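A.B. asks:
Chains as they are written, first to last, in the numbering used here: chain Z, 1 to 162; chain V, 163 to 918.
(1) Where residue 776 of chain V and residue 873 of chain V are concerned, what is the direct C-alpha to C-alpha distance, given to the nearest angstrom?
(2) Quick one, which of V/698, V/726, V/697 has its alpha-carbon nearest residue 709 of chain V's?
(3) Thinking just about the alpha-carbon of each residue, which of V/655, V/398, V/918 is nearest to the one in residue 357 of chain V?
(4) For residue 285 of chain V, which residues in chain Z fall below 9 Å Cβ to Cβ?
(5) Starting from residue 208 of chain V, trace the beta strand (DSSP E) in both directions and tell me its first and last residue.
(6) So, with DSSP's three-state summary, where would you put residue 719 of chain V?
(7) Return the bridge partner residues of residue 283 of chain V from the DSSP annotation.
(8) I'd like the span of the beta strand (DSSP E) that includes residue 616 of chain V, first residue to last.
(9) I'd like the span of the beta strand (DSSP E) that includes residue 754 of chain V, first residue to last.
(10) Between residue 43 of chain Z and chain C, is any beta-carbon pair separated by less than 8 Å?
(11) Can you look up residue 478 of chain V in the DSSP assignment and give me helix, strand or coil?
(12) Taking the alpha carbon of residue 901 of chain V as the reference point, which residue from V/704, V/797, V/610 has its own alpha carbon closest?
(13) Please classify residue 220 of chain V: does DSSP put it in a helix, a strand, or coil?
(14) Can you name the residues of chain Z whose CB is closer than 9 Å to the CB of residue 887 of chain V?
(15) Restricting to Cα atoms, I'd like to know which of V/479, V/788, V/230, V/520 is closest to residue 616 of chain V.
(16) I'd like the span of the alpha helix (DSSP H) that includes residue 899 of chain V, first residue to last.
(17) Check residue 100 of chain Z in the structure and name its three-state DSSP category.
(18) Does DSSP put residue 700 of chain V in a helix, a strand or coil?
(19) In chain order, what residues of the same chain lie with their CB nearer than 6 Å to the CB of residue 277 of chain V, ignoring the 5 residues before and after it?
(20) Please classify residue 13 of chain Z: does DSSP put it in a helix, a strand, or coil?
(21) So, under 8 Å CB-CB, residue 509 of chain V and residue 298 of chain V are touching, yes? Tell me the CB distance rounded to an integer number of Å.
(22) So residue 91 of chain Z contacts chain V; which residues on that side make the cut at Cβ distance below 8 Å?
(23) In the DSSP assignment, what are the bridge partners of residue 636 of chain V?
(24) Candidates V/363, V/772, V/890: which alpha carbon is nearest residue 325 of chain V's?
(25) Taking any Cβ of chain V, which residues in the segment 91-113 of chain Z have a Cβ under 7 Å from it, in chain order?
(26) In terms of DSSP beta bridges, what is residue 119 of chain Z paired with?
(27) Given that residue 322 of chain V touches chain Z, what residues does it touch there, using C-beta distances under 8 Å?
(28) Indicate whether residue 643 of chain V and residue 658 of chain V have their beta-carbon atoms separated by less than 8 Å.
(29) Please list, in chain order, all residues of the same chain as residue 559 of chain V whose beta carbon is under 7 Å from its beta carbon, the five residues on each side excluded.
(30) Check the Cβ of residue 555 of chain V against every Cβ in chain Z and list those closer than 9 Å, keeping chain order.
(31) If contacts are defined as beta-carbon pairs under 8 Å, then residue 861 of chain V and residue 582 of chain V qualify, I think. What distance do you get, rounded to the angstrom?
(32) Once DSSP output is grouped into helix, strand and coil, what is the label at residue 574 of chain V?
(33) Since residue 550 of chain V sits in a beta bridge, which residues does DSSP pair it with?
(34) Which residues of chain Z have a Cβ atom closer than 9 Å to the Cβ of residue 657 of chain V, listed in chain order?
(35) Which of the residues in the segment 831-851 of chain V, read from start to end, lie with their CB under 7 Å from any CB of chain Z?
(36) Anything in chain V within Cβ reach of residue 129 of chain Z, meaning under 9 Å, just list it in chain order.
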């Protein structure tokens with residue numbers, strides 16, 4: 001273990017990480033050191049997307065990021081999508097459209113879908129499928145997840161139209 | 163009575179009530195077992211054998227104990243109680259001591275202050291192995307040509323089914339060999355647990371993701387040599403299961419490390435370890451011969467079924483019974499000759515996975531039905547309609563089919579679902595085989611359509627009383643439910659609330675933690691919890707309602723038999739009394755517990771005859787695929803299905819079960835397989851074990867067949883397993899139609915299509 005201290009900015013809050021082993025992934029540090037267990041680990045290879053966070057505007061697999069290299073980054077996790085504790089439109093859509101079963105892939109998907117809709121407010125069916133094809137869900141077969149994303153997309157469109 | 167029915171109420175049975183764990187799950191606040199945490203906890207880790215078959219000459223743990231931060235190293239000699247565990251036979255060692263029987267078998271475990279310290283400690287344990295040749299061919303286990311690799315022998319179970327004229331030969335005879343590869347449950351939430359030792363060291367509390375708390379409790383207590391009540395389990399949030407959490411994985415290791423160190427222990431597998439740490443779907447080799455009349459009437463099935471159970475028995479004997487008793491499929495068939503084996507080998511252990519033996523049988527019988535159709539000049543739909551089983555028919559076990567059996571309706575309603583549009587001349591590359599790889603040329607793509615229909619038993623079989631317990635308390639208009647039913651993602655938590663709202667006329671239904679503080683609910687498997695735990699919750703709520711009605715009747719001087727729940731009120735059906743449930747239960751507590759038991763079943767006799775199953779459900783699937791015949795790549799375009807569900811209790815949750823099951827069946831059809839080489843897994847990772855992604859998901863069109871099942875407490879059949887069973891042969895049949903290839907094994911690989 002190291003005596004060096006480094007700082008991570010997560011959900012707008014600066015955290016100090018000390019006594020950490022330099023080999024720890026961002027996923028591990030978020031979960032085990034910073035008290036942010038919402039980000040999940042399921043493959044440790046960047047294949048399943050359960051650990052998706054946004055780093056400097058890019059969706060990344062936090063299992064593939066060394067925490068100590070993320071010191072200058074602006075990191076958003078599932079816990080940081082809504083700072084007032086109320087579910088976001090995407091979160092609410094996932095629940096109402098039946099996109100949640102076991103829920104283990106869900107936080108990563110929620111982050112990925114926010115990232116998609118922030119970049120592209122009107123994704124068509126194929127754009128949605130492609131955007132979340134890096135997030136594996138074993139329970140739903142994706143049908144209700146597509147419905148959830150379309151629901152959130154349509155609600156945002158309707159809001160803008162007003 | 164008023165015309166308002168309770169099912170119109172928000173959140174009652176029949177509505178798409180929203181799951182109570184939904185918001186916590188989307189916000190990342192839901193606590194999965196891997197999120198459990200305790201002050202001063204240590205990390206546990208497991209040392210596993212690299213060899214599929216070896217004798218352990220010596221184990222030296224001194225190097226590990228010398229590492230700063232390592233608190234304990236345990237091996238077989240530290241197990242205080244029973245040295246083995248198992249769901250049906252107790253044949254699997256907590257730690258291998260003399261022999262290792264599969265690559266990945268636990269040999270030792272450590273507790274350390276950091277996962278990396280624990281990993282280094284595992285590296286520092288020296289195990290001297292005398293490597294032995296592995297038994298990897300199931301036929302070697304059957305023939306006796308290989309020495310016994312376990313004291314219980316190399317054949318776990320053999321079961322024959324002998325029915326009717328054993329020398330009958332049909333006008334038309336078709337036959338073939340069929341192979342099914344080893345599939346992994348691949349639940350997303352990896353195995354994880356937190357064990358807290360009691361202060362005095364005489365007991366342990368375990369937070370764990372499992373399918374059956376009480377079965378775990380029983381097996382853990384035996385291995386720890388503790389009284390049952392000294393091992394208390396609470397369900398940690400479960401990230402999917404699909405059968406893969408029915409067996410013990412890290413439970414005993416984690417508890418034993420906690421008792422040894424006196425500290426909380428967290429254990430969590432990585433993905434690679436998860437492939438070694440849980441059982442898989444049995445690979446199968448099945449020979450089948452069908453005999454029929456000229457007109458396609460099925461008369462006799464012959465089959466030889468071989469399931470490779472791997473190193474330990476797990477549920478192999480029950481999986482075998484499911485396979486052999488479902489061998490004729492959802493069809494009437496008067497004669498049968500079936501010989502089934504579940505064998506032991508030095509391959510990874512196999513046990514429960516969604517479909518449980520019927521997946522393997524269905525791939526064989528549905529492939530055969532297509533061969534029979536071709537031989538009789540019928541199309542795939544007509545041969546299935548002609549032979550469709552009906553209520554009152556006998557199974558090949560002699561058991562009378564007394565479940566609702568709408569097989570014909572499942573087929574007709576599936577056939578009525580419109581086919582997808584033809585592939586356009588210039589399709590988006592993401593929509594064709596090969597996808598974003600941009601490998602397919604439009605001219606090489608051929609479309610095919612295929613069918614699969616299946617029958618699946620519900621609940622446990624062969625005399626086992628897998629009852630379920632639930633408790634209901636009603637106070638001041640609020641119901642509180644308690645049960646030990648493992649919520650693994652299927653949504654029992656919302657169903658339980660719906661039942662209470664409907665029976666008791668309450669809006670607020672609280673749920674106690676899911677734990678061993680109440681009696682067993684049985685396993686979340688075998689498509690059984692809606693029926694069994696649903697029946698228990700319904701029963702407990704009805705008992706409370708009786709007590710409530712007695713109280714209201716006494717207070718208002720009316721006959722309790724005239725009282726009913728209407729919306730959120732108690733009303734006198736013959737009078738004017740109307741009082742809210744909240745008012746009626748003010749300052750009172752009604753508290754009742756109910757056990758639901760299904761009807762008794764029997765063991766099979768030596769000829770495989772007997773009423774061994776409780777009930778059955780049916781489903782039909784039609785698959786449409788596009789195949790790149792040059793590169794052997796498949797895109798499943800559409801799956802149409804009509805499923806016999808009895809009654810839809812929550813439309814959104816039911817649809818999710820159907821769509822999710824279809825995706826898993828698609829995985830088995832064209833991508834998912836644990837590849838073994840001489841007993842070793844070649845692809846224990848999500849990089850190499852391929853799972854369906856959002857881009858692989860076909861259009862799914864679903865028709866729910868609602869014919870309430872009289873035997874079922876809520877009229878509803880279990881719906882979890884049927885979706886994944888016949889979709890696999892339907893997809894393969896579609897690929898066969900597109901390519902003209904025989905394709906006798908799943909998953910179908912590109913080289914099977916190009917060179918097969």
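For each residue, glycine too, the CB sits at the ideal point set by N, CA and C. Quick caveat: nothing in here was measured; it's all calculated off a predicted structure.
C.D. replies: Looking at the atomic coordinates:
(1) Translated into the one-based positions of the second chain, residue 776 of chain V becomes position 614. Translated into the one-based positions of the second chain, residue 873 of chain V becomes position 711. Their backbone Cα atoms lie some 9 Å apart in a straight line.
(2) What you label residue 709 of chain V is simply residue 547 of the second chain in a count that begins at 1. Of the candidates V/698, V/726, V/697, the one whose C-alpha sits nearest the C-alpha of residue 709 of chain V is V/726.
(3) Position 195 of the second chain, counting from 1, holds the residue named residue 357 of chain V. When only C-alpha atoms are compared, the closest one is V/398.
(4) As a first step, residue 285 of chain V is located in the second chain; it is residue number 123 there, counting from the start. The contacting residues do not exist; residue 285 of chain V stays about 14 Å from chain Z at best.
(5) Residue numbering aside, residue 208 of chain V sits at position 46 when the second chain is read from its first letter. 204-210 is the span of the beta strand (DSSP E), which, as asked, contains residue 208 of chain V.
(6) As a first step, residue 719 of chain V must be located in the second chain, where it is residue number 557. Coil.
(7) Indexing the second chain from 1 puts residue 283 of chain V at position 121. Residue 283 of chain V pairs with nothing; no bridge assigned.
(8) If you number the second chain from 1, residue 616 of chain V lands on position 454. Taken as a continuous stretch (DSSP letters only), the beta strand (DSSP E) holding residue 616 of chain V covers 607-620.
(9) Counting from 1 along the second chain, the entry for residue 754 of chain V is found at position 592. Looking at the DSSP string, the run of the beta strand (DSSP E) that includes residue 754 of chain V is 751-758.
(10) No chain C is part of this structure, whose protein chains are labelled Z and V.
(11) Reading the second chain from its first residue, position 316 is the one you call residue 478 of chain V. Here residue 478 of chain V sits in helix by DSSP.
(12) Translated into positions along the second chain, residue 901 of chain V becomes position 739. Taking only the C-alpha atoms, the option nearest residue 901 of chain V is V/610.
(13) Within the second chain, residue 220 of chain V is the residue found at index 58, counting from 1. Strand.
(14) Working through the second chain from its first residue, we reach residue 887 of chain V at position 725. Result: empty, since nearest Cβ-Cβ is about 15 Å, beyond 9 Å.
(15) For the purposes of this step, residue 616 of chain V is taken as residue 454 along the second chain, with counting starting at 1. Among V/479, V/788, V/230, V/520, the Cα nearest to that of residue 616 of chain V is on V/520.
(16) Taking the second chain and counting its residues from 1, one reaches residue 899 of chain V at position 737. It spans 889-901 - the alpha helix (DSSP H) in which residue 899 of chain V sits, taken as one unbroken run.
(17) Position 100 of the first chain, counting from 1, holds the residue named residue 100 of chain Z. Of the three classes helix, strand and coil, the one that applies to residue 100 of chain Z here is coil, per DSSP.
(18) Here residue 700 of chain V is taken as the residue at index 538 of the second chain, counted from 1. Helix at residue 700 of chain V.
(19) What you label residue 277 of chain V is simply residue 115 of the second chain in a count that begins at 1. Contacts found: 205.
(20) Residue numbering aside, residue 13 of chain Z sits at position 13 when the first chain is read from its first letter. Residue 13 of chain Z: strand per DSSP, three-state reduction.
(21) Along the second chain, one-based indexing puts residue 509 of chain V at 347. Along the second chain, one-based indexing puts residue 298 of chain V at 136. Yes, they are in contact, since the Cβ atoms of residue 509 of chain V and residue 298 of chain V sit about 6 Å apart, within 8 Å.
(22) For the purposes of this step, residue 91 of chain Z is taken as residue 91 along the first chain, with counting starting at 1. Under the 8 Å cutoff, chain V gives 185, 188, 189.
(23) Residue mapping note: residue 636 of chain V aligns to position 474 of the second chain, counting from 1. Answer is V/641, V/752, bridged to residue 636 of chain V.
(24) Position 163 of the second chain, counting from 1, holds the residue named residue 325 of chain V. Comparing Cα positions, the closest option is V/772.
(25) 91, 94, 95, 96, 98, 100, 101, 102, 103, 104, 105, 106, 107, 110
(26) Residue numbering aside, residue 119 of chain Z sits at position 119 when the first chain is read from its first letter. According to DSSP, which records beta bridges pairwise, residue 119 of chain Z is partnered with nothing at all.
(27) Within the second chain, numbered from 1, the residue matching residue 322 of chain V stands at position 160. Correct list: empty, because the minimum Cβ distance to chain Z is about 36 Å.
(28) One-based indexing of the second chain puts residue 643 of chain V at position 481. One-based indexing of the second chain puts residue 658 of chain V at position 496. Yes, Cβ-Cβ distance for residue 643 of chain V and residue 658 of chain V is below 8 Å.
(29) Looking up residue 559 of chain V in the second chain gives position 397. Cβ neighbours of residue 559 of chain V beyond the five flanking positions: 323, 487, 766, 770, 771, 772, 774.
(30) Translated into the one-based positions of the second chain, residue 555 of chain V becomes position 393. Under the 9 Å cutoff, chain Z gives no residues; its nearest Cβ is about 32 Å from residue 555 of chain V.
(31) By one-based count along the second chain, residue 861 of chain V stands at place 699. By one-based count along the second chain, residue 582 of chain V stands at place 420. Indeed they touch by this definition, with Cβ atoms about 6 Å apart.
(32) The sequence position of residue 574 of chain V within the second chain is 412, counting from 1. Looking at residue 574 of chain V - three-state DSSP - the assignment turns out to be helix.
(33) If you number the second chain from 1, residue 550 of chain V lands on position 388. Answer by DSSP bridge pairing, in chain order: V/493.
(34) Within the second chain, residue 657 of chain V is the residue found at index 495, counting from 1. Neighbours of residue 657 of chain V on chain Z: none; closest Cβ ~13 Å, over 9 Å.
(35) 847, 848, 849
(36) Here residue 129 of chain Z is taken as the residue at index 129 of the first chain, counted from 1. Here the neighbours are 592, 855, 856, 857, 859.
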